[in-house]
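Trainee: Structure provided below as structure tokens; questions to follow.
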């Protein structure tokens, strides 16, 4: 297991454990790693200081010390943890409703939104991705749209 310091495009930093570096790369490329604060999946590795063992104790002593440590009691959920869990539940439900009631248009979101707005296609609910520049242009054109944090579904 490896612990990475991560940072999202909004500047939030957080830690996450991965089986190895390849696992992180696969999940990050699949947009399966999301910021716990804002929900964006545009994350990257932040600067980290390596932890290097000095190797002063013989390996056998280190194993005995680890084996002798009592297990930590389970952490009591704090109000902040409960609030974060509820927020995640609500965002997952929002994602489920969007996926159930809207057509996924992928990276063509801005173009499809324009077609609907200008009457070039029938009005229907859509969702997808847009760049910051595309979102700004849509807003300047008076095209109504919303942005929600796109959190991973449970068990991913």
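Residue numbers (the UniProt record's numbering): 1 to 156.
We put the CB at the ideal spot given by N, CA and C, even for glycine.
Going by C-alpha to C-alpha distance, which of 153, 8, 2, 12 sits closest to residue 88?
Mentor: If you number the chain shown from 1, residue 88 lands on position 88. Of the candidates 153, 8, 2, 12, the one whose C-alpha sits nearest the C-alpha of residue 88 is 153.
Trainee: Can you tell me the Cβ-Cβ gap for residue 16 and residue 33, rounded? I've got them flagged as a contact below 8 Å.
Mentor: Locating residue 16 in the chain shown gives position 16, where the first residue counts as 1. Locating residue 33 in the chain shown gives position 33, where the first residue counts as 1. Sure, about 7 Å apart at Cβ, within 8 Å.
Trainee: Specify the secondary structure class of residue 83 as computed by DSSP and reduced to three states.
Mentor: Position 83 of the chain shown, counted from the start, is the residue given in the question as residue 83. Residue 83: helix per DSSP, three-state reduction.
Trainee: Return the first residue and the last residue of the alpha helix (DSSP H) that residue 111 is part of.
Mentor: Locating residue 111 in the chain shown gives position 111, counting from the first residue. It spans 109 to 117 - the alpha helix (DSSP H) in which residue 111 sits, taken as one unbroken run.
Trainee: Decide if residue 8 is buried, meaning its Cβ has at least 16 other Cβ atoms within 10 Å, or exposed.
Mentor: Reading the chain shown from its first residue, position 8 is the one you call residue 8. Per the 10 Å Cβ criterion, buried.
Trainee: Can you look up residue 144 in the DSSP assignment and give me helix, strand or coil?
Mentor: For the purposes of this step, residue 144 is identified with residue 144 of the chain shown, where counting begins at 1. Correct three-state label for residue 144: coil.
Trainee: From this set, 4, 83, 20, which residue's C-alpha is nearest residue 13's C-alpha?
Mentor: Locating residue 13 in the chain shown gives position 13, where the first residue counts as 1. Comparing Cα positions, the closest option is 4.
Trainee: Going by beta-carbon coordinates alone, are residue 147 and residue 135 separated by less than 8 Å?
Mentor: The residue you call residue 147 lines up with position 147 of the chain shown. The residue you call residue 135 lines up with position 135 of the chain shown. Contact flag set, yes.
Trainee: Per DSSP, what are the beta-bridge partners of residue 15 in this structure?
Mentor: In the chain shown, the residue the question calls residue 15 occupies position 15. Bridge partners of residue 15: 5.
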